[in-house]
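A short worksheet on the structure shown next.
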Amino acid sequence: MKKILFCMLIAIPFQGFSQGALNKFKQKVKDRLEQRTNEGMDKEIDVAGKNRNPVDTPDVNVTVEEKQRGAKDAPAFESYSRYDFLPGAQLVYTEDFSQDIVGEFPLLWSTNNRGEVVTIKSQPGKWLRMFQGGHFIAPEVKKLPDNFTVEFDMVLNFAEEGYVYPSILFKLLEPIEQGKDGRKYLADPNAFANTGITIAPAEGGNSTINLSTDHNGENYFNSGQKNLKKLDANYGTPFHVAMWVQKTRLRLWINGEKIYDVPQAIPATGSYNRLALEVANSYYDEEKVGVYISNIRVAEGAADARHKLLTEGKWVTNGILFDSGSDHLKPESAGVLREIAGILNENPTVKVNIVGHTDNEGADVANKELSKRRAAAVKQALIHDFQVEGSRMQSDGMGEALPVADNLTKEGRAKNRRVEFIKL
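Those letters in the sequence shown? Residues 159 to 582, per the working numbering, in order.
Now the structure itself:
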């Protein structure tokens, strides 16, 4: 059985620092932290470096500069045209910070420094902002089988002042004995076996990525550096990261582009059980570095759509995603849509009814109407983007009327937000 700990480390290389410069830098960071603590949290933050006028509420609303680097107005599924990621069949952990107070640290997480839940102008939902010099760890998730997936959205924003941008390290960390509350990890984050993915952001298409696994005190695998030419085109806007583990095999996508497909990246005896994040120091002041994460989803098992639909007569998926309160499909839904479209196009006599479902947040009537519009949006996407004959599909919506899980938890509500394909 595999468990997952997902840790993101932002680490700046210090090889070029003199000891004197490093000491000055540490004092500067300390002074900045003290200054920001004294100023309080009741203000709007501009991550380009400007503190705006105080606001009347404790909400921290972050202004992220969208750098016009192209590809911002591309059609929804264009960049995902070869996306073959399929999320696991059963959700086991979700985190969008919707239940946390803006301006506060997430209630169920732990840290050795500080972080805060924020809203980002022009972006829906809440995000966790990680500050430099901190380690962050989420609550444990259930044990996972050999086949599981991890997804999340990130926003990176930097003030371009000539310094090297801080790197980002994502880890699958092995379990820590007597470490349920996270303190053991926070005391020595580098002491534990892990599979890590390091992203070094840069300008001019010069960002890089590296995959490495440490196990039983040794380096088990290292891919070497690989170029990420498209990363800096996404600074200031969310990009989607998806990871799929199948026993020892690891695949990784960023905004629909497959970056890794490594058959032996993970040791056969490896196991992972937690989400964590880490941010190291850099030469940049805090307000000039923005690192945000949200919409974390961990799911287990394989999505066997073909067997479920053709043999059992119904396939249910939580992998078709929409903007909150909207029927606008998120582009990362492309993998699931392509899967169902392939099944339908290979079986031209099969007809289906597409049925949308929501959680119980909002009014009953509004939820039912939303579920109908979402089901209709799926049908239209299958027709226009995946060439499925429209006469073979019906669409309907049930709103919140038929929950499959408890609406009292984030995971339960996420399971209830689903799309069903019912064979006619």
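The C-beta atom is built at its ideal place from N, Cα and C for all residues, glycine as well.
Alpha carbon to alpha carbon, what distance is there between residue j and residue i?
i: Leu-327; j: Ile-451; result: 13 Å
i: Arg-287; j: Ile-501; result: 41 Å
i: Thr-252; j: Tyr-321; result: 35 Å
i: Phe-289; j: Val-399; result: 21 Å
i: Gln-336; j: Tyr-343; result: 10 Å
i: Pro-157; j: Gly-382; result: Summary: the structure shown does not reach residue 157, with the chain confined to residues 159 through 582, and so no result is reported for it.
i: Tyr-323; j: Leu-389; result: 13 Å
i: Glu-527; j: Ser-549; result: 22 Å
i: Asp-485; j: Ala-534; result: 9 Å
i: Arg-496; j: Ser-237; result: 14 Å
i: Asn-368; j: Ala-360; result: 14 Å
i: Ala-521; j: Ala-559; result: 12 Å
i: Asn-219; j: Asp-258; result: 14 Å
i: Asn-377; j: Thr-371; result: 6 Å
i: Lys-581; j: Thr-516; result: 21 Å
i: Arg-576; j: Thr-269; result: 33 Å
i: Arg-571; j: Ile-412; result: 26 Å
i: Lys-279; j: His-465; result: 43 Å
i: Ala-499; j: Arg-240; result: 14 Å
i: Tyr-418; j: Ile-334; result: 27 Å
i: Asn-439; j: Lys-338; result: 26 Å
Write down the C-beta distance between residue i and residue j rounded to the nearest angstrom, noting that I regard them as a contact closer than 8 Å.
i: Leu-314; j: Gly-414; result: Going by Cβ atoms, the distance from Leu-314 to Gly-414 rounds to 17 Å, so no, they are not a contact pair.
i: Gly-555; j: Lys-530; result: 3 Å
i: Asn-503; j: Val-546; result: 6 Å
i: Tyr-441; j: Ala-317; result: Actually they do not touch by this definition, with Cβ atoms about 11 Å apart.
i: Glu-578; j: Lys-472; result: 6 Å
i: Val-299; j: Arg-432; result: 7 Å
Go ahead and pull the three-state DSSP assignment for residue i.
i: Arg-194; result: With a pLDDT of 43 at Arg-194, under the threshold of 50, the predicted position of this residue should be treated as unreliable, though the coordinate-derived value follows. Three-state result, Arg-194: helix.
i: Asp-309; result: Looking at the sequence provided, one finds Glu at residue 309 rather than Asp. Strand.
i: Ala-139; result: The structure shown does not extend to residue 139, since the chain is modelled only from 159 to 582, so the question has no answer here.
i: Lys-329; result: strand
i: Glu-253; result: strand
i: Glu-361; result: coil
i: Asn-352; result: strand
i: Lys-384; result: strand
i: Tyr-378; result: strand
i: Pro-297; result: strand
i: Ala-572; result: helix
i: Val-260; result: coil
i: Asp-522; result: helix
i: Ala-533; result: helix
i: Ala-345; result: helix
i: Asn-392; result: helix
i: Ala-539; result: helix
>> Tell me whether the segment 470-479 and the segment 238-254 touch, counting them as touching only if at least three CB pairs, one residue from each stretch, are closer than 8 Å.
In response: A contact exists between the segment 470-479 and the segment 238-254.
> What are the complete alpha helix (DSSP H) segments, minimum 4 residues, inside the segment 453-512?
Replying inline: For the alpha helix (DSSP H) assignment, the uninterrupted runs of no fewer than 4 residues enclosed by the segment 453-512 are, from N- to C-terminal side, 492-504.
>> If contact is defined by three or more beta carbon pairs under 8 Å, each pair taking one atom from either stretch, is the segment 300-315 in contact with the segment 453-461?
In response: Short answer: they touch.
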